[in-house]
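There are 4 protein chains.
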Amino acid sequence: MLNRVVLLGRLTKDPELRYTQNGTAVATFTLAVDRRVTNQQGERETDFIPIVVWSKQAELCAQYLGKGRQAAVEGRIQVRNYENNEGRRVYVTEVVAENVQFLGGGEGSGDFEQRTPVFSGDGKPSRNFQNDNPFADDQRPIDISDDDLPF
Amino acid sequence: MLNRVVLLGRLTKDPELRYTQNGTAVATFTLAVDRRVTNQQGERETDFIPIVVWSKQAELCAQYLGKGRQAAVEGRIQVRNYENNEGRRVYVTEVVAENVQFLGGGEGSGDFEQRTPVFSGDGKPSRNFQNDNPFADDQRPIDISDDDLPF
Amino acid sequence: MLNRVVLLGRLTKDPELRYTQNGTAVATFTLAVDRRVTNQQGERETDFIPIVVWSKQAELCAQYLGKGRQAAVEGRIQVRNYENNEGRRVYVTEVVAENVQFLGGGEGSGDFEQRTPVFSGDGKPSRNFQNDNPFADDQRPIDISDDDLPF
Amino acid sequence: MLNRVVLLGRLTKDPELRYTQNGTAVATFTLAVDRRVTNQQGERETDFIPIVVWSKQAELCAQYLGKGRQAAVEGRIQVRNYENNEGRRVYVTEVVAENVQFLGGGEGSGDFEQRTPVFSGDGKPSRNFQNDNPFADDQRPIDISDDDLPF
DNA sequence: TTTT
DNA sequence: TTTT
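Chains as they are written, first to last, in full-length UniProt numbering: chain A, 1 to 151; chain B, 1 to 151; chain C, 1 to 151; chain D, 1 to 151.
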C-alpha cells in the first residue's frame, strides 16, 4: 500500500556490484545511520541498515559511492525469506532504494572521482543465495531469476 | 541522522502487550504491507514488517488495534542483534513506531469498540529474550532494562 | 534531489477532474490534516493542503474519493508561480501525489460505491489559469500545455 | 494525523534568525530542491521551499548553515493564513522542520566554521507580520505570541 | 526575490 | 508463523 523510507548515513564499505542472469545490475551496501538520541549509558548508537539498488542506479552507486561516503537513500522496506543450507527459514529485511543521493565525505575524498567498482565474490561462499553459483566470483552473470536478490 | 519510515497496512494478529521491569509498556505486532507492483508471476506480494511501540501508544494499540485492522505507522528502522541460546548472533530489524494511526476495517468491525488487550505469554518460551523471565507469562513485569526489547 | 511527502487526512470536498489540451487527466482536492499537538488555546488545528494528481490516478480519485473520505497521499512538494490578472506574481504550493490510497469513511459511506466525477467549471472564472479557456466549463479539453496545472 | 516531509537541497541565502516576545528562537530560510526529472524543454526545474525552524535548532541553523550549503530537512507541512495590509487573506505554506542535518558544500567552505548569525530586519518592513513590531529590526524580541510565525 |  |  504505502511503504516509504528515507535514510541519511555513511557506507560501512564499498558497494558490491553483481549482475543477475539476464544482465540486470544490483548493488548492495550497508548504511550506518546514527540515532538522534543517546541511550541510557549516554552513548550514541548506530543502526546498520542493508541497502539494495537495482539497474542503472546500481552501477552509479558502484562507481561513485565508497566506504565512508555519506548518502541519502529513499526506498521501501522489503522482508524476504529463504531456506538456508541447514533447512532453516531465514528472514532478511533490507531497504530497496529507488533513489540514492551521493553526498560528500569519505576517504581519499577527491570528491567523486570515479572508483573501480568492487565486484563481490571473495572466496567466502555466499550462503544466503537462493541458487548458489560457483561462478559468481568471476563476474559472470549469476544464475537466478531477476526477482531474487543475489546475496 | 535521518531515519524515517511511513507504512500503511493491516495487522496480521492482535498486538502483544508487555511491560518492562520498571513498568514501561511495549506493544508489538506485524504489519502486512502489500507491494504496489506485482511480481513476474503477476502476483501481488506482501511485506510482513515487525513493529514495536512504546509507552502510552503501546497501550492504545493494544486496546484499539486488532487482527485485520488497517493502521498507518510512522517511525524509524532499528537493527539490533543478540546472541541466541545456540550462541549464534541473530539480527533483528523492526520499525520503532513513534506515531500509529488507527484506520478502519478488521473483524467484528464495530469500528473501534475497545478490545481486551492480549498479553503475550502462550506457553512457548520466547527464546529471543535477552533475559528470560519465567513470569513473563502471568503479566508480571519482566526483568530487563528499559533499553532492551522484551521479545 | 530528495523531496518526499506523506499525508493522511480527509477531503474537504469532492475532487475536481479536468483534462489538459492533449487529454491528460488531472484531479485536484484539498486534504484536511489534523495536527498532532494542540495549540496554546488547547485547540487542535488543521492544515488544509492542496493536492494534485495526474493521469490514471486522477481518474481513480475522481471516481472513488469524495468529500469527507480519508486518504493517504504520497508525493512531493511543488512550488510554482504565475502572474495574476493584476500583474502580480502569485506563489502556489501544492503536493503532487504519486500514490493515493483510499481509506474508509465519508458520507453516504456505502464504502466505495462509484461516484459521478465532478468536473470543475462553476461559472466563477478560474483566474489562476495560465491560459484562460472559456470552454473549460463544458468538459472540453482545456487549451494549455501538459506542463501547466489547469487550476 | 500524519504529515511527514523529508527534503534535501541547498539554502538560497543565509538563514534569518528572530526571537518571539518570550524569547523563543525561530530561523527561516529557503531550500532549493532540484526536481529529479527534467521538463518538456529538457530543463531541470527547482522548487524553492520555505523552511521554519524553532528553538535550539533555529540557533544552530543560524550558526552553521549559510547560503549554498546543503541540508536535509525533516518536518511537516504547515498552511497558515493571515490578512495582509490590503485586507486580503494570504495563504502561506511552509515546512516546519523538526530535524535539520547540515551537509557539506557552500561558499567559503571551510566546512562548518561558525558564522555570525544574520538577524533579519533590513529596513523593509515585514508586512506579513501578524503583529507589526517596529523594533524587530534592532534584535529586540518581537511582540507576538509563540504560536505565530514572525515573518 | 533564489541554490550548485 | 501471517492481513484484506
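Ideal Cβ placement from N, Cα and C applies to all residues, glycine included.
Remember, predicted model here, so these are calculated numbers, not experimental data.
- Any Cβ of chain A closer than 7 Å to the Cβ of residue 27 (chain D) would place that residue at the interface, and such an atom is absent.
- Using a CB distance below 8 Å, the part of the segment 60-73 of chain A facing chain D consists of 70 and 72, ordered along the chain.
- Under the three-state reduction of DSSP, residue 86 (chain A) is assigned to coil, being neither helix nor strand.
- A distance below 7 Å separates the beta carbons of residue 95 (chain C) and residue 75 (chain C).
- Taking 8 Å as the upper bound for CB-CB distance, residue 69 (chain C) and residue 10 (chain C) are in contact here, some 7 Å apart.
- Not a single C-beta of chain A is nearer than 7 Å to the C-beta of residue 23 (chain D).
- Listed along the chain, the chain B residues whose CB falls inside 8 Å of the CB of residue 2 (chain D) are 6, 72, 74, 99 and 101.
- Between residue 35 (chain C) and residue 45 (chain C), the C-beta gap is smaller than 7 Å, which places the two residues in contact.
- Neighbours of residue 36 (chain B) in chain C, taken as residues at a C-beta separation under 8 Å, are given in chain order as 99.
- Listed in chain order, the non-local C-beta contacts of residue 81 (chain D) below 8 Å within the same chain comprise 89, 90, 91 and 92, local neighbours out to five positions each way being set aside.
- Residues of the same chain with a CB within less than 6 Å of the CB of residue 84 (chain C), apart from the 5 flanking positions on each side, are 90 in chain order.
- Judged by their CB atoms, residue 100 (chain C) and residue 71 (chain C) are nearer to each other than the 7 Å cut-off.
- As a beta-bridge residue in DSSP terms, residue 94 (chain D) pairs with D:78.
- Taken through DSSP and simplified to helix, strand or coil, residue 65 (chain D) comes out as coil.
- It is roughly 30 Å from the alpha-carbon of residue 48 (chain D) to the alpha-carbon of residue 77 (chain A).
- Among the residues facing chain B, residue 104 (chain C) is included, as its CB has a counterpart in that chain under 7 Å away.
- Of the candidates C:86, C:2 and C:104, the residue whose Cα lies closest to the Cα of residue 64 (chain C) is C:104.
- Residue 98 (chain A) and residue 2 (chain D) have their alpha carbons spaced roughly 23 Å apart.
- Contact annotation: residue 33 (chain B) and residue 58 (chain B) have beta-carbon atoms that are not nearer than 7 Å.
- Under the Cβ criterion of 7 Å, residue 93 (chain B) is counted among the residues facing chain A.
- Collapsing the DSSP output to three states places residue 40 (chain B) in coil.
- Between residue 4 (chain D) and residue 79 (chain C), the C-beta spacing is not below 7 Å.
- Cα atoms of residue 31 (chain A) and residue 22 (chain D): separation of roughly 41 Å, rounded to the nearest angstrom.
- For residue 77 (chain C), the chain D residues whose C-beta falls within less than 9 Å of its own C-beta are 5, 7, 33, 47, 49, 77, 93 and 95, listed in chain order.
- For residue 9 (chain B), the enclosing beta strand (DSSP E) has its first and last residue at 2-11.
- Just so you know, the alpha carbons of residue 39 (chain B) and residue 43 (chain C) end up roughly 47 Å apart.
- Secondary structure at residue 57 (chain C): helix, using DSSP grouped into helix, strand and coil.
- The beta-bridge partner set that DSSP reports for residue 99 (chain B) consists of B:74.
- Rounded to whole angstroms, the Cβ separation of residue 13 (chain C) and residue 56 (chain C) is 22 Å, and the two are not in contact under 8 Å.
- Residue 23 (chain D) sits in coil when the DSSP states are folded into three classes, being neither helix nor strand.
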